[in-house]
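Note sheet for the following structure.
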Ligand code: GLA
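Numbering (full-length UniProt numbering), first residue to last: 1 to 387.
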């Protein structure tokens with residue numbers, strides 16, 4: 001026990017002594033963030049120090065999803081995000097990216113119940129769900145906009161600068177997710193689409209923009225976030241068309257959408273060509289582009305990982321950073337957010353079944369992996385010919 005504690009302290013001090021290469025200062029034109037687990041922030045010092053040190057943008061992994069923020073109808077719980085806000089405030093005023101207001105997953109049970117239960121008199125199901133959506137969006141945005149909140153930057157603006165307003169509205173064929181409730185998991189359907197219809201997306205963005213404007217939060221950036229841009233051209237096209245249509249809708253003369261989140265849960269077989277094409281297409285919307293959930297799966301569970309596979313992953317991390325810088329102009333970059341900090345907290349690691357995928361930049365002990373240094377180089381070094 002004692003020996004392992006000493007080892008841990010030693011590992012920590014070696015790590016903390018290495019001040020040379022830090023992601024958040026690699027490139028002033030690429031904000032670098034991570035999806036952060038608030039429980040680990042309060043319980044694991046090594047994790048917290050690493051988050052403080054490496055990133056200048058924080059996305060709560062789960063703490064701002066609907067099931068966390070409104071577990072019972074009308075009863076909002078914001079206390080789970082305080083640790084994240086404290087860190088953002090006290091470690092150099094980091095940016096917070098809100099994730100996510102309207103999604104078909106991470107819904108509290110009471111929302112699902114509204115698909116079938118008896119409605120308040122005089123209300124259609126579409127009206128009820130529209131009202132659920134509107135109340136959620138207005139209340140949550142206003143909470144983080146609160147003028148008396150201490151979580152402000154040097155200009156007195158909220159540290160939370162952006163929201164994923166709608167997450168994953170399309171399936172891999174580029175159709176709106178619409179399957180019935182029974183299949184409402186991985187590739188399932190959206191209760192919002194089924195009850196309100198496709199106008200739910202425009203409505204959600206309109207509620208978000210109207211609320212922010214009313215609160216004087218005129219700089220709040222509103223994103224549509226999804227995955228699959230790299231492997232489904234149909235989905236890419238649907239997202240493009242929807243984004244272009246939303247751009248035409250204005251509140252106070254301002255488009256209701258500001259940006260596209262490209263999750264990039266990619267893997268070692270994702271080609272440079274596909275990443276490049278996806279970036280070029282999304283950039284052509286003229287909107288901000290956020291690589292919002294980057295991780296690179298090895299498609300392989302369990303140690304040890306073959307060196308050739310790790311070498312491909314390392315190179316791909318560098319490719320993503322270089323391609324982002326090459327194809328997305330600096331004024332359209334919202335940054336790159338890594339999904340999870342290390343293999344230890346990665347969603348691809350399942351503790352029960354011992355599955356470790358090793359998709360992240362930090363290992364199971366939060367030490368930097370070779371991929372970290374390649375990604376850093378991709379953020380910093382000149383872009384070689386051939387990209
Ligand atoms: C999606 C969601 C994220 C997270 C990941 C991994 O990409 O947007 O919030 O849940 O899946 O689980």
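Where a beta carbon is used, it is the ideal one built from N, C-alpha and C, also for glycine.
For residue 136, there is no enclosing beta strand (DSSP E); the residue is part of the alpha helix (DSSP H) that begins and ends at 125 to 145. Bounds of the beta strand (DSSP E) holding residue 293 are 288 to 297. Distance between residue 317 and residue 387, taken at the CA atoms: about 14 angstroms. Rounded to whole angstroms, the separation of the alpha carbons of residue 218 and residue 358 is 40 angstroms.
Counting the other Cβ atoms within 10 Å of the Cβ of residue 121 gives fewer than 16, which makes it exposed. If you draw a straight line from the Cα of residue 87 to the Cα of residue 64, it comes to about 16 angstroms. Secondary-structure assignment with DSSP links residue 170 through a beta bridge to 176.
Burial is judged here by how many other beta carbons sit within 10 angstroms of a residue's own beta carbon; residue 263 has at least 16 and is buried.
Within the region 48 to 101, the complete alpha helix (DSSP H) runs of at least 4 residues fall at 66 to 69 and 82 to 90. Leaving aside the five residues that flank residue 107 on each side, the residues in its chain whose CB is nearer than 8 angstroms to its CB run, in chain order, 66, 67 and 191. For residue 347, the distance from the CB to the nearest heavy atom of the ligand GLA is below 7 angstroms. Within a 10 Å sphere around the beta-carbon of residue 368 sit 16 or more other beta-carbons, which makes this residue buried. In the structure shown, residue 225 falls within a strand segment according to DSSP collapsed to helix, strand and coil. The alpha-carbon separation between residue 79 and residue 44 amounts to approximately 19 angstroms. For the pair residue 170 and residue 271, the CB atoms are not nearer than the 8 angstroms cut-off. Remark: the shortest separation between the CB of residue 344 and any heavy atom of the ligand GLA does not fall under 7 angstroms. Comparing alpha carbon positions, the residue from 312, 100, 304 and 297 closest to residue 348 is 297. Nearest Cα to residue 99 within the set 23, 197 and 163: 163.
For residue 92, the number of other beta carbons within 10 angstroms of its own is below 16, and it is reported as exposed. Bridge pairing for residue 336: 32 and 291 [DSSP]. Ranking 20, 362, 117 and 27 by CA distance to the CA of residue 322 puts 27 first. Under the 8 angstroms Cβ criterion, the region 250 to 267 counts as touching the region 197 to 216, having at least three qualifying pairs. Under the three-state reduction of DSSP output, residue 328 falls in the coil class, being neither helix nor strand. Checking the 7 angstroms criterion, the Cβ of residue 99 is within range of a heavy atom belonging to the ligand GLA. In the same chain as residue 244, and ignoring 5 residues on each side of it, the C-beta atoms closer than 8 angstroms to its own belong to 285, in chain order.
Contact annotation: residue 50 and residue 373 have beta-carbon atoms that are not nearer than 8 angstroms.
A Cβ-Cβ separation of about 19 angstroms leaves residue 69 out of contact with residue 150 under the 8 angstroms criterion. Spanning the alpha carbons of residue 235 and residue 112 requires a straight line of approximately 26 angstroms. For residue 263, the Cβ falls inside the 7 angstroms cut-off from some heavy atom of the ligand GLA. Look at residue 115: its beta carbon is at least 7 angstroms from all of the heavy atoms in the ligand GLA. With contacts defined as CB atoms closer than 8 angstroms, residue 153 and residue 160 fail to qualify as a contacting pair.
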